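Those protein sequences? They're chains A and B, same order as listed.
Residues in the first sequence are numbered consecutively from 1, following the working numbering.
Residues in the second sequence are numbered consecutively from 1001, following the working numbering.
Reviewing the structure listed below.
Protein chains: 2
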Amino acid sequence: MLKQIKGGVCAAKGFTANGVHCGIRKNKTKRDLALIYSEKIASAAATYTTNLVKGAPLTVTKNNIADGKAQAVICNSGNANTCNANGIEIAEKTCELLANALKIDKKDVVVASTGVIGQPLDITPIQKGIPELVAGLGDYSHLACEGIMTTDVKPKEIAFEFFIGGKTCRIGGIAKGSGMIHPNMATMLVFVTTDCAISSAMLQKALSADIQDSFNMISVDGDTSTNDMVSVLANGMAENAEITTEGADYDAFCEALNAVTTYLCRGIAGDGEGATKLLECKVCGAKDTAAAKTVAKSVVCSSLLKAAMFGADANWGRVLCAIGYSGADVDVNKVGVAFRSNKGVIVVCENGAGIDFSEEKAKEVLMESEIEILITLGDGDGKATAWGCDLTYEYVKINGDYRT
Amino acid sequence: MLKQIKGGVCAAKGFTANGVHCGIRKNKTKRDLALIYSEKIASAAATYTTNLVKGAPLTVTKNNIADGKAQAVICNSGNANTCNANGIEIAEKTCELLANALKIDKKDVVVASTGVIGQPLDITPIQKGIPELVAGLGDYSHLACEGIMTTDVKPKEIAFEFFIGGKTCRIGGIAKGSGMIHPNMATMLVFVTTDCAISSAMLQKALSADIQDSFNMISVDGDTSTNDMVSVLANGMAENAEITTEGADYDAFCEALNAVTTYLCRGIAGDGEGATKLLECKVCGAKDTAAAKTVAKSVVCSSLLKAAMFGADANWGRVLCAIGYSGADVDVNKVGVAFRSNKGVIVVCENGAGIDFSEEKAKEVLMESEIEILITLGDGDGKATAWGCDLTYEYVKINGDYRT
């Protein structure tokens, strides 16, 4: 029983947010510092990039929420604070300055950064911006969302209402995907807040399970950022009986969490750098879930297929090719492929071989901005969905000649 | 003791070649059928794509050269003969028609195709083209090279002379890389001929070892074709004592083979679809060779780095990022990065952190058409080189909107 409601990270009780321009970014019309604050100390959970090169803020956050608690999230855009000799020091100083302003413990701060790698981050603009950031806290999820955006075209925020033990709970989130003014990589940052009462252990469990089917199934360009982070704060102000074990309440929470993360995933993929189309690859009939995931990700990661989708070209051979080199155990003679959009479905391949289809109809289907690539394998019951986007001139432009 | 000589697959004694337009491709100015012929039956070896979806010609070739012998190579462009119900039949028919015309055994034919996947290949143009193809055999390596080219901009052929036991041997090759008129994928085809006497077992051993450091270290766009094939014919006409074991003669052969394959690798990478630059990533100081290869390939495969190179942007953070997610065991705090070209060397990162460098000088270095990305790890003695190319508007154009 989920209901979409207005707002993002401020939809849940007790959460306020804000976003300001403090001067890390040169463009004064762009907010570059975001804050999310919870009236009460919240259960906290997070997942981090698997890149061996990790942003300093991730190390500090990991340390800060080792006790499963947090009360605020601060995030800057314009500088990743990564590969800098004094990165940890700067991230810790940011937490300290914010904690002093909010009168909370500096160990209860989640800190994140996104932007260029390897340029020292000056603490001055952050120090200068924090008073305004804190003074302006309110129902401003959209301002926080803007503060973490870089060349993202669309803000990505969502909230849902759900019910646990007769109590109304709320969960909402904001996300940024791919694109920066001075881009280094498609850093993905996601901040989720909820007033559901849940222990930090169960919150981490729910998040760690969820990302396997959500954020880990997105690809914009195959580059895993050094600064990716997904964090959830749960402050318990909905007053449900705290979730401390698996069961119906936990399941209801996971369902709500997944509604938020799936929405944000689609938003991040569809708003990938230079993208004109969201690609959603749905695989069924795989040997197992792992094989389905491997196939789905391989397809949305294929540069050739991504370029074909940009050109609305039903080049299904590229889908077969990406399945074939995915590494999954697949009987290629049983593969079926169809494309689907708001304009209909077109079947292009059955039993591993092409079938006659109308190129005209295919073009019509593929001209839409959301494309499903439906793959049927003949190997079992495994299913998975992955999200990606098309490869466009604009992607090359953003990442190639932005300084020329 | 290697010496570059003129020519390609006809440099070795007893080999002739030809290329004609037979009508598989609509553009009559493009040759679409190529032939290489050896006067004497030759030792044959080949390696094939690892894609589970395999072109029918690969299956037929594998079967034909199971006895380690071949006398001719036939290759068409314009159609991959892959994912077709009658693919095997057509590939076998091609061998049969050619064998009849050349008066050789149909089991001594290597057959290959490159082009669009999933469109039935009509035997008629091949049948019609073979008489002209055979009648015109001569010192025409360049015509065969044209016959296998698709949207490759530059022909790729090379030959060397080397010496074994007082005898002069010759080895040469032609290759096609990425790009087709109706592209499906960057199929790579390489045909090498030599008059060196070497057993088919040792020839296969030499080839299988060589490709680990040559063709398996190239990436144009991360898509592994269904039709990739590298084959070598060695007809023994140099009259050296046949190489049947490891030793000095085998080493001399391997050195010559590697000179051919490395040249063709660089040609394929630099002439990748839409490419304006050859990228050569040289890693040293890795824990072991495997780690060095993993890092080198990860870097040349990064879309973000490839786009940065297109823009001549010394965005070394993207190099660090690609090292970090490569999966190799690397101490990221010891990584050094430099860029090098004909205009000089510029060091941009030491001990995992940025150092001051002249952006102007970096731009000058990166504006060149051949760029070395020099990575020094601090983990051991492992070394590797990988080749790739930049990511450009033209890549998107070729693969995206060629039908619009």
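All residues carry an ideal CB built from backbone N, CA and C; glycine is no exception.
These numbers come from a predicted model, not from an experiment.
Quick one: residues in its chain with C-beta nearer than 6 Å to the C-beta of residue i, no 5 flanking neighbours on either side, listed in chain order?
| i | result |
| --- | --- |
| A:Lys93 | Ile123 |
| B:Gly1179 | Unreliable placement is indicated for B:Gly1179, whose pLDDT of 47 sits below 50; the coordinate value is still reported in the next sentence. Cβ neighbours of B:Gly1179 beyond the five flanking positions: Thr1150, Thr1151, Asp1152 and Glu1273. |
| A:Val350 | Residue 350 of chain A is actually Glu in this sequence, not Val. Excluding positions up to five away in sequence, the list reads Gly336. |
| A:Tyr402 | Here the model assigns A:Tyr402 a pLDDT of 43, short of 50, so the residue's position is not dependable and the matter cannot be decided. |
| A:His182 | In this prediction, A:His182 scores a pLDDT of 31, lower than 50, which makes its location untrustworthy; no coordinate-derived value is stated. |
| B:Glu1157 | Gly1008, Ser1141, Cys1145 and Ile1174 |
| A:Ser369 | Lys277 |
| A:Val345 | Ala338 |
| B:Val1348 | Ala1314, Trp1316, Val1337 and Phe1357 |
Any idea what DSSP makes of residue i, helix, strand or coil?
| i | result |
| --- | --- |
| B:Arg1170 | strand |
| B:Tyr1263 | helix |
| B:Cys1321 | helix |
| B:Lys1128 | helix |
| B:Thr1276 | coil |
| B:Glu1394 | helix |
| B:Cys1196 | coil |
| B:Val1009 | coil |
| B:Asn1399 | helix |
| A:Phe427 | What the structure shows of chain A is the stretch from 1 to 404, and residue 427 of chain A is not part of that stretch, so it cannot be assessed. |
| B:Val1295 | helix |
| A:Trp316 | helix |
| A:Lys282 | strand |
| A:Gly270 | helix |
| A:Phe310 | helix |
| B:Ser1341 | strand |
| B:Val1020 | strand |
| A:Asp210 | helix |
| A:Ser302 | coil |
| B:Leu1002 | coil |
Would you check if the distance between the CB atom of residue i and the CB atom of residue j is smaller than 8 Å?
| i | j | result |
| --- | --- | --- |
| B:Gly1055 | B:Ala1072 | no |
| A:Gly23 | A:Ser77 | no |
| A:Thr466 | A:Ala206 | Outside the displayed range of chain A (1 to 404) lies residue 466 of chain A, so it cannot be described from this structure. |
| B:Ile1373 | B:Cys1301 | no |
| A:Val9 | A:Ile41 | no |
| B:Asn1227 | B:Thr1049 | yes |
| B:Asp1331 | B:Gly1400 | no |
| A:Gly317 | A:Asn333 | no |
| A:Asn235 | A:Leu137 | no |
| B:Ile1088 | B:Thr1047 | no |
| B:Gly1327 | B:Ile1218 | no |
| B:Ala1252 | B:Ile1164 | yes |
| B:Lys1297 | B:Ala1386 | yes |
| B:Thr1189 | B:Thr1114 | Sequence check: residue 1189 of chain B is Leu here, not Thr. Cβ distance < 8 Å, so B:Leu1189 and B:Thr1114 count as in contact. |
| A:Ile5 | A:Ala159 | yes |
| A:Leu233 | A:Thr193 | yes |
| A:Gly177 | A:Asp271 | yes |
| B:Gly1068 | B:Ala1201 | yes |
Contact defined as beta carbons within less than 8 Å: I believe residue i pairs with residue j. What is the distance between those atoms, to the nearest angstrom?
| i | j | result |
| --- | --- | --- |
| A:Thr168 | A:Ala238 | 6 Å |
| B:Ile1198 | B:Glu1242 | 6 Å |
| B:Ile1323 | B:Val1299 | 7 Å |
| B:Gly1014 | B:Ser1038 | 6 Å |
| A:Phe436 | A:Ile375 | Nothing about residue 436 of chain A can be read from this structure; chain A reaches only from 1 to 404. |
| B:Phe1162 | B:Leu1002 | 5 Å |
| B:Val1111 | B:Ala1091 | 5 Å |
| B:Asn1051 | A:Cys321 | 7 Å |
| B:Ala1410 | B:Val1283 | Since the first residue of chain B shown is 1001 and the last is 1404, residue 1410 of chain B is not available in this structure. |
| B:Gly1285 | B:Gly1380 | 7 Å |
| A:Glu360 | A:Ala314 | In fact, because the Cβ distance is near 10 Å, the residues do not count as touching under 8 Å. |
| A:Arg31 | A:Leu121 | At roughly 17 Å, the Cβ-Cβ gap does not stay under 8 Å, so A:Arg31 and A:Leu121 are not in contact. |
Near residue i, what residues of its chain come up, given a Cβ to Cβ distance below 7 Å and the 5 sequence neighbours on each side ignored?
| i | result |
| --- | --- |
| B:Thr1262 | Ser1214 |
| A:Ala101 | Ile130, Pro131 and Val134 |
| A:Thr404 | Only weak support is given to the placement of A:Thr404: the predicted model assigns it a pLDDT of 38, under 50, and the question is left unresolved by the model. |
With a CB to CB cut of under 8 Å and the five nearest residues on each side skipped, what residues in its chain are close to residue i?
| i | result |
| --- | --- |
| A:Lys397 | Gly274 |
| A:Phe310 | Thr276, Lys277, Asp390, Leu391 and Thr392 |
| A:Thr29 | His21 |
| B:Cys1265 | Ser1214, Phe1215, Met1217, Ile1218 and Trp1387 |
Please tell me whether residue i has its Cβ less than 8 Å away from any Cβ of chain C.
| i | result |
| --- | --- |
| B:Asn1084 | In the structure shown, chain C does not exist; the protein chains are A and B. |
Hey, which unbroken runs of the alpha helix (DSSP H) at 4 residues or more fall wholly within the segment 23-101 of chain A? 56-64
Give the list of continuous beta strand (DSSP E) stretches no shorter than 3 residues that lie fully inside the segment 1138-1169 of chain B. 1156-1164
Jot down the residue ranges of each uninterrupted beta strand (DSSP E) in the segment 1224-1257 of chain B, minimum 3 residues, whole runs only, in chain order. 1229-1234
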